[in-house]
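To start, the structure under review is shown below, and the notes come after it.
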Amino acid sequence: MKQRDDPMTTDYLFLHSRHCSLVLELPPGEAPLWRYWGPRLPDTAAPGAALRATRPLPSFMLDVDQPLTVAPTFGVGWFGQSALLAHRGGRDFAQAFTACEVEWVDPGHAVVLKLTDSVAQLRLDLQLRLDEASDVLVARSTLTNLGATELDVQWLAAATLPLPGDAAQVRFYAGQHMHEFLLQTEALTRSLWRRESRRGRTTQDCFPGAVVTTPGATAHDGLVFGAHLAWSGNHAQTIEWLNDGQYQWQFGEWLAPGELRLAPGASVITPELVASCSTAGLNGLAANFHAELRARLPWAGGAMKPRPVHLNTWEGFYFDVQPEKVKELATAAAGLGVERFVLDDGWFNARHHDRAGLGDWWPDASKFPQGLGELIAHVNGLGMEFGLWVEPEMVNPDSELFRAHPDWALQLAGRPLITARNQLVLDISRPDVSDYLFGKIEALLAAHPIGYLKWDHNRDLTTAGLADGTAGYRAQVPAAYALMDRLRAAHPGVEIESCSGGGGRIDFGVLRHTHRVWTSDCIDALSRVAMQRGFLQFFPPEIMGAHIGTSPAHTTGRTQSMAFRAAVALPGHLGVELDARLFDEATRAEVSQWITLYKRWRDRLHHGRVWLGEAGDGLAWQAHGDEAASELLLMVYRTEPSSFKYNPAARLPMLDAGARYRVTRVRHTPPAGHDGFGPAAPFFDALEQGVELDGAWLAHAGLPLPRSVAETCFIVHFERL
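Going by the working numbering, the first residue of the sequence shown is number 18, and it counts up by one from there.
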């Protein structure tokens, strides 16, 4: 913070990281004004003049200028979107912060702004942390009711961010079950841009994050901004054009009517807003988000171990999990090189279909009369870890739990119970419900060496009323987090996968408590190419569940070669989801070789940077390498038939233009008879042994690519010499 004697200037607050800066102006008697968030400024750079001194008042305006603050409020001169909407029985509907105390947590990097409204009697503490290493800004707000009466809160932003006037386009994600991370793009104009989710979870159709680009920005270059709300419940975000030609961007929980009422002296803390900007385009922004999440994932012992190859039983058996069949599958899985065997839905009491059993978390006596011990011992004896599917937050009406405690389900008096997938949602914010679930699941973990839980959540929330009749959407989220944490505190070595009808609960919030996410229930490799690329904009590949599925794919009916299915799954957290007992010798050998390839390269795939790009003509590529791009594994996917006689080259701008690289095709066993590639030219024959190429040529002219049919993948390794 700098103090200037010149009346044209004022106090400023600076936060700096490696490549980003944040500047606030601190006028007395009000909330700080946003002056800058963007690429790194020199330490000595300052605005030079107070903002209002540079803004002549236009005609027909208030006599006091109202710039964008860190917490704009309604009713006292600000006409844009407010960071807070609240009242006390219809009064104190307008707020204005009359004092700001600055509390440094880490000078230059983290601060708390304590804003007080002495009239409306409330305080808003805004925490801002700009991480030096990742260039990620993490912000959250805490609202405290200082008055003597209840404060009814309608909206509370986690933070308000400024965007420059040349912000041109917003990139966001829509979708549905089995089709997550569908990229959408819209131009930013003077019209309000807003996205809301009221489904009670992160959802597939309204991802709580977006990317804003400026003119000329690409995957590899240009200024881009991104933000994501770390929250697994209802949410909203707004981008609004302001009268000075800039934009404001707000994120927060979407609140149901009456859902947030603060008693005198009570406080509420918003979810974290995770935001960043980058001058290195979309890939640079992705690297920032990956670094932030990697630094905070809750790995046992504080560090990630190599991500073990999964086999999940779901698409192999569905509910038909008979012990002998499951043991046979486990034996087949171990023979392929699988390291973790996950028993999916169908193992617990009366669970023969999706219409019964949820809530009764003990082994089904007709399938496992002696419990799970024998199966788990068989799996462990084969050298694999054992994992188990659970869906603790749900209950079937046809279950012993619901018959005993029908009041434990979220419901509204006088309204019919609305089921989805034949299930209701438990009110896990109730201590007796949470204790029951902890007791049942913890007993399984205590009785058996279970190292992994696939934690599902297969429906949206409706009639989500608590016992007192008030809305219970937001209460579910911290209760789910707390139950996960309680189980892991009792069993610290257990890892948890977040699944919600596939990708319906993927966010930085749940990933403060879990270790992997299931990207989608769709394992069709062609569908997965686009979904996984959308996923990687925010999340790193080592937590991205990516399985080799059946052919034809169960969810689309499309048929793809084993080589393509495996190549698409390769860069994520690799798994197998099919009945491996049915493999012939050729298929078994091919899958084994892909698993061996994954184990060889997973350290490179799951650490360092990820770059995404396109070569045109249906060719999409992604590269995984160290920060300096001195070693890379490049995968080029052909997603549709070529319309060219000759393939375009893949330009790789992240390579060092001053270096030379040895480029080698990564060998693998092609499908019997044909690997999808046409006759080899001499260059591609030479790639089998390795070819030395200039980095400048690869960056600007590109790597030649072989001609291939649709749904094939070309994989090469780069090593800087």
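Glycine included, every Cβ here is placed at the ideal spot set by N, Cα and C. It should be emphasised that the depicted structure is a prediction, and the values quoted were computed from it without experimental measurement.
Problem - Where glycine 390 sits in the DSSP three-state scheme - result: Within the sequence shown, residue 390 is the residue found at index 373, counting from 1. In the displayed model, glycine 390 falls within a helix according to three-state DSSP.
Handout entry: proline 179 - containing beta strand (DSSP E), residue span
Key = Translated into positions along the sequence shown, residue 179 becomes position 162. From DSSP, the beta strand (DSSP E) with proline 179 extends over 168 to 180.
Exercise for the section: Could you name the residues that DSSP lists as bridge partners for threonine 235? Expected result: Position 218 of the sequence shown, counted from the start, is the residue given in the question as residue 235. Paired residue(s): none; threonine 235 is not in a bridge.
Practice task
Express the C-alpha separation of phenylalanine 306 and alanine 165 in angstroms, rounding to a whole number.
Solution key: Mapped onto the sequence shown, residue 165 falls at position 148. Mapped onto the sequence shown, residue 306 falls at position 289. Taking the Cα positions, alanine 165 is about 42 Å away from phenylalanine 306.
Handout entry: When Pro232, Val128, Met548 are compared against glutamine 201, the one with the closest alpha-carbon
Key = Counted from its first residue, the sequence shown places residue 201 at position 184. When each option's Cα is compared against that of glutamine 201, the closest is Met548.
Exercise for the section: Could you tell me whether the Cβ atoms of glutamate 203 and valine 187 are closer together than 7 Å? Expected result: Against the sequence shown, residue 203 aligns to sequence position 186. Against the sequence shown, residue 187 aligns to sequence position 170. Yes, they are a contact pair.
Exercise for the section: Would you kindly work out how many angstroms separate the C-alpha atoms of glutamine 138 and leucine 163, rounded to a whole number? Expected result: Against the sequence shown, residue 138 aligns to sequence position 121. Against the sequence shown, residue 163 aligns to sequence position 146. Straight-line Cα distance between these residues: approximately 5 Å.
Handout entry: Exposure of alanine 689, with buried meaning 16 or more beta-carbon neighbours within 10 Å
Key = Here residue 689 refers to the residue found at position 672 when the sequence shown is read from its first residue. At alanine 689 the pLDDT is 41, less than 50, meaning the model places this residue with poor confidence; the figure from the coordinates comes in the next sentence. With fewer than 16 other Cβ atoms within 10 Å, it is exposed.
Practice task
Kindly indicate which residue of Ala632, Gly400, Arg575, Gly486 has the alpha-carbon position closest to the one of histidine 717.
Solution key: Translated into the one-based positions of the sequence shown, residue 717 becomes position 700. Looking at Ala632, Gly400, Arg575, Gly486, the one whose alpha-carbon comes closest to that of histidine 717 is Ala632.
Handout entry: Counterpart residues of tryptophan 535 in DSSP-defined beta bridges
Key = The sequence position of residue 535 within the sequence shown is 518, counting from 1. For tryptophan 535, which the question treats as bridged, DSSP gives the partners Gly562.
Problem - Boundaries (first-last residue) of the alpha helix (DSSP H) holding arginine 491 - result: Locating residue 491 in the sequence shown gives position 474, where the first residue counts as 1. Its alpha helix (DSSP H) spans residues 490 to 507.
Problem - Start-to-end residues for the alpha helix (DSSP H) that takes in arginine 35 - result: Here residue 35 corresponds to residue number 18 of the sequence shown, with the count starting at 1. Segment: none, arginine 35 is in no alpha helix (DSSP H) and carries neither H nor E.
Problem - Which of helix, strand or coil DSSP assigns to aspartate 134 - result: For this step, residue 134 is matched to residue 117 along the sequence shown. Three-state DSSP puts aspartate 134 in a strand.
Problem - Residues near proline 687 in its chain [Cβ-Cβ closer than 7 Å; skip 5 each side] - result: For the purposes of this step, residue 687 is taken as the residue at position 670 of the sequence shown. Only weak support is given to the placement of proline 687: the predicted model assigns it a pLDDT of 49, under 50, and the value that follows is read from those uncertain coordinates. For proline 687, where only same-chain residues beyond five positions count, the Cβ hits under 7 Å are Ala580.
Problem - 7 Å Cβ cutoff met for threonine 161 and arginine 140 - result: Residue numbering aside, residue 161 sits at position 144 when the sequence shown is read from its first letter. Residue numbering aside, residue 140 sits at position 123 when the sequence shown is read from its first letter. In this structure, arginine 140 lies closer than 7 Å to threonine 161 by Cβ.
Handout entry: tryptophan 248 beta carbon less than 7 Å from that of proline 274
Key = Here the question's residue 274 lines up with position 257 in the sequence shown. Here the question's residue 248 lines up with position 231 in the sequence shown. With contacts defined as CB atoms closer than 7 Å, proline 274 and tryptophan 248 fail to qualify as a contacting pair.
Handout entry: Exposure label - asparagine 329; buried when at least 16 CB within 10 Å
Key = Position 312 of the sequence shown holds residue 329. Classification of asparagine 329: buried, given that the 10 Å Cβ count is 16 or more.
Problem - With 16 other Cβ atoms within 10 Å as the buried cut-off, status of tryptophan 316 - result: As a first step, residue 316 must be located in the sequence shown, where it is residue number 299. Using a 10 angstroms sphere on the CB of tryptophan 316, the tally of other CB atoms stays under 16, which defines it as exposed.
Handout entry: Alpha-carbon spacing of glutamate 709 relative to valine 680, whole angstroms
Key = As a working note, residue 709 is residue 692 in the sequence shown. As a working note, residue 680 is residue 663 in the sequence shown. Here the alpha carbons of valine 680 and glutamate 709 stand approximately 6 Å from one another.
Problem - Inter-residue spacing [alpha-carbon to alpha-carbon] between isoleucine 768 and leucine 68 - result: As displayed, the chain neither begins before 18 nor continues past 738, which places residue 768 out of reach and without an answer.
Exercise for the section: Flag this pair as touching only if the stretch 717 to 736 and the stretch 632 to 646 have three or more C-beta atom pairs under 8 Å; answer yes or no. Expected result: The stretch 717 to 736 vs the stretch 632 to 646: in contact.
Problem - For serine 515 and methionine 556, the rounded distance between their alpha carbons - result: The count along the sequence shown starts at 1 and reaches residue 556 at position 539. The count along the sequence shown starts at 1 and reaches residue 515 at position 498. In the sequence under discussion, the amino acid at residue 556 is phenylalanine, which differs from the methionine named in the question. Approximately 13 Å between the Cα atoms of the pair.
Practice task
Keeping to the same chain, check which residues put their C-beta closer than 7 Å to that of aspartate 134; ignore five residues upstream and five downstream.
Solution key: What you label residue 134 is simply residue 117 of the sequence shown in a count that begins at 1. Once the five neighbours on either side are set aside, the close Cβ partners of aspartate 134 are Gln112, Ala113, Phe114, Thr115.
Handout entry: Collapsed DSSP secondary structure at proline 687 in the structure displayed
Key = The residue you call residue 687 lines up with position 670 of the sequence shown. The predicted model places proline 687 with a pLDDT of 49, which falls under 50 and marks its position as unreliable; any figure quoted below should be read in that light. Note: proline 687 maps to coil in three-state DSSP.
Problem - arginine 677 versus tyrosine 490 - alpha carbon distance - result: If you number the sequence shown from 1, residue 677 lands on position 660. If you number the sequence shown from 1, residue 490 lands on position 473. Straight-line Cα distance between these residues: approximately 56 Å.
Practice task
Look at phenylalanine 224 and tyrosine 190 and say whether their C-beta atoms are less than 7 Å apart.
Solution key: By 1-based counting over the sequence shown, the position of residue 224 is 207. By 1-based counting over the sequence shown, the position of residue 190 is 173. With respect to tyrosine 190, phenylalanine 224 sits close: the two C-beta atoms are nearer than 7 Å.
Practice task
Could you say which of His245, Leu353, Glu197 lies nearest to glycine 519 if we only look at CA atoms?
Solution key: Position 502 of the sequence shown, counted from the first residue, corresponds to residue 519. If you compare the alpha carbons of His245, Leu353, Glu197 with that of glycine 519, the shortest gap goes to Glu197.
Handout entry: alanine 437 to arginine 372 span [Cα, whole Å]
Key = One-based indexing of the sequence shown puts residue 437 at position 420. One-based indexing of the sequence shown puts residue 372 at position 355. Approximately 10 Å between the Cα atoms of the pair.
Problem - Cβ-Cβ separation, arginine 146 to alanine 127 (assumed contact under 8 Å), whole Å - result: Position 110 of the sequence shown, counted from the start, is the residue given in the question as residue 127. Position 129 of the sequence shown, counted from the start, is the residue given in the question as residue 146. Indeed they touch by this definition, with Cβ atoms about 4 Å apart.
Practice task
Please name the residue in Val93, Pro89, Gly107 whose C-alpha comes closest to that of alanine 100.
Solution key: The residue labelled residue 100 in the question sits at position 83 within the sequence shown. For alanine 100, the nearest C-alpha among the options comes from Pro89.
Practice task
Determine the DSSP secondary structure at arginine 105, reduced to helix, strand or coil.
Solution key: Against the sequence shown, residue 105 aligns to sequence position 88. Residue state, collapsed to three classes: strand.
Practice task
Take the Cβ of alanine 234 as the centre, count every other Cβ of all protein chains shown within 10 Å, and call the residue buried at 16 or more, exposed below.
Solution key: Locating residue 234 in the sequence shown gives position 217, counting from the first residue. Classification for alanine 234: buried.
Practice task
Go ahead and label aspartate 485 buried or exposed: buried means 16 or more other beta carbons lie within 10 angstroms of its beta carbon, across all protein chains shown.
Solution key: Here residue 485 corresponds to residue number 468 of the sequence shown, with the count starting at 1. Its Cβ having fewer than 16 others within 10 Å, aspartate 485 is exposed.
Practice task
Could you pull out every residue in the same chain whose Cβ sits closer than 7 Å to the Cβ of arginine 207, ignoring the five residues on either side in sequence?
Solution key: Taking the first residue of the sequence shown as position 1, residue 207 is located at position 190. Once the five neighbours on either side are set aside, the close Cβ partners of arginine 207 are Trp258.
Exercise for the section: Could you please give me the residues that DSSP links to isoleucine 467 through a beta bridge? Expected result: Working through the sequence shown from its first residue, we reach residue 467 at position 450. According to DSSP, which records beta bridges pairwise, isoleucine 467 is partnered with Phe403.
Handout entry: Collapsed DSSP secondary structure at aspartate 449 in the structure displayed
Key = As a working mapping, residue 449 is identified with position 432 in the sequence shown. Residue state for aspartate 449 is assigned as helix, using DSSP reduced to three classes.
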